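Per my numbering, numbering of the sequence shown is gapless, rising by one per residue and ending at 270.
Just so you know, even glycine gets a beta-carbon here, dropped at the ideal spot from N, CA and C.
Note that the structure is a prediction, hence the values are computed from the model and not measured.
This report concerns only the one structure given below.
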Amino acid sequence: MKIIFIMMLIFVSHFSTASDISNATYTVSTVYKGTLGKSEVTMYLNVDGEMVSGSYMYDRYKKSINITGVKKNNKLILNEKLINGSAVFTLTLNKNIYQGEWCYDKCIPIALRFDTSFMEGQIPSVSIKDDDSGTYKLIVSAGEKNNELIITDSIDQPKLDFFDLNNDGFYDLVVRTDIRPNNGSQVVFISTTNGFIKDEILSKANGSFEYDYIDNQVIFSSKEDCCNKYSKDIYYYYGVGFILKDSLFFDYGIDKGFDKNKKNNFKIVL
């Protein structure tokens, strides 16, 4: 797979003003599978320019371990905080496989494969423009095609995140239109042979978007403005679309919470 490069371009027409133009911000999030020594591991990385954040887990234990680092050309340098210092991943890309070492007191070989790509090939540019009415036009260029996506009623300048939400090997697009924690909103586009198509189910969900790579779930977290009442709606991809798996609700005022069947008292961890 080719390394993904996304370059921000600004479209200026003869009738545009400086206030009409906005630079898009974006991340590309990828799941990697491979081995660390003899153990099978899964790594999930968010790449924002040269900055990298994410986590990895040993598949046997399903416990997420946070990592941060930098990406330069075909190299990744990632740090994992330990009780007495930090371990360092040093990885080099060869085709679609990252190979290198995890080092602390000693070094252990690691190899990670990723199969996610953009359906229409490398993305050379992503552009964003707003008009006087507050409507945003996103232009995602891929191969020889331009996907023009219209975003309305955006509170904040849209922030773009690319994920493979339906696990088909191609990046989908989440356009965050309200970036407040626990009260956000977004428009979700699924990558198809006809370009990015709006997913009506996920786009209508309330709350801030989160992708759970361990269980391959999409989660929307929300909080009522008046009080300490929190909820999480969990979706997963089933066959031809996303369906609601569970709705979790917790009221800190009465210290109780329920799932969508009004059973299983639990507590939402903030």
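Per-residue DSSP class, three states only, for residue i
i, result
"Asn46", "strand"
"Thr35", "strand"
"Leu78", "strand"
"Val240", "coil"
"Thr27", "strand"
"Met119", "coil"
"Tyr136", "strand"
"Asp251", "strand"
"Ile128", "strand"
"Ser144", "It should be pointed out that residue 144 corresponds to Glu in this sequence rather than to Ser. Residue state, collapsed to three classes: coil."
"Ile21", "Residue placement at Ile21 cannot be trusted, given a pLDDT of 47 that sits under 50; the coordinates are not used to answer."
"Ser231", "strand"
"Ile155", "coil"
"Lys245", "strand"
"Ile150", "strand"
"Ile4", "Its pLDDT being 39, under 50, Ile4 is placed unreliably in this model, and the value from its coordinates should be taken loosely. Ile4 falls in the coil class under three-state DSSP."
Best match in the options for proximity to residue i [C-alpha to C-alpha]
i, options, result
"Gly121", "Lys129, Lys71, Val140", "Val140"
"Cys107", "Ile155, Leu36, Phe220, Met119", "Leu36"
"Tyr213", "Lys33, Gly253, Tyr26", "Lys33"
"Ile243", "Cys226, Lys223, Gln217", "Gln217"
"Ile110", "Val188, Ser39, Thr30", "Ser39"
"Ser208", "Glu200, Ser247, Arg180", "Arg180"
"Lys232", "Tyr211, Thr30, Asp161, Ala87", "Tyr211"
"Glu144", "Ser29, Gly169, Phe118, Lys159", "Phe118"
"Asn194", "Thr116, Asn146, Asp59", "Asn146"
"Tyr236", "Val175, Asp130, Leu165, Pro158", "Leu165"
"Ile77", "Tyr98, Gly85, Thr135", "Tyr98"
"Asp215", "Ala205, Lys245, Phe89", "Lys245"
"Phe250", "Lys223, Ile128, Asn183, Asp161", "Lys223"
"Asp156", "Asn183, Asp199, Phe189, Asn228", "Asn183"
"Tyr61", "Thr42, Pro158, Val70, Gly49", "Thr42"
"Ser53", "Glu80, Asp59, Asn74, Lys63", "Glu80"
"Lys159", "Phe89, Ser221, Asp259, Gln186", "Gln186"
"Arg176", "Phe170, Ile197, Phe196, Asp153", "Asp153"
"Asp178", "Leu91, Ile151, Ser191", "Ile151"
"Lys204", "Tyr230, Val174, Phe196, Cys227", "Val174"
"Asn96", "Gly169, Ser127, Met57", "Gly169"
"Tyr252", "Glu200, Arg113, Tyr230, Tyr238", "Tyr230"
"Ile254", "Gly239, Cys227, Cys103, Ser247", "Cys227"
"Lys71", "Lys198, Ser247, Asn84, Asn46", "Asn46"
"Val28", "Glu50, Tyr58, Asp259, Asp161", "Asp161"
"Ser191", "Val240, Asn206, Tyr58", "Val240"
Beta-ladder partner(s) of residue i, from DSSP
i, result
"Glu224", "According to DSSP, Glu224 bridges with nothing at all."
"Asp161", "Thr27, Val174"
"Gln99", "Thr92, Ala111"
"Ser86", "Lys81"
"Gly257", "Phe250"
Start and end residues, beta strand (DSSP E) containing residue i
i, result
"Asn66", "65-72"
"Ser55", "51-58"
Residue-chain proximity (residue i, chain B), Cβ-Cβ < 8 angstroms
i, result
"Lys159", "Checking the listed chains, one finds no chain B in this structure; it contains a single protein chain."
Residue i Cβ short of 7 angstroms to the ligand NAP heavy atom set
i, result
"Leu36", "With respect to the ligand NAP, the structure shown offers nothing to examine, as it has no ligands at all."
Note to self: I'd like the ranges of any beta strand (DSSP E) spanning at least 3 consecutive residues and lying wholly in the stretch 181-221.
What the structure shows: 185-192, 195-198, 208-212
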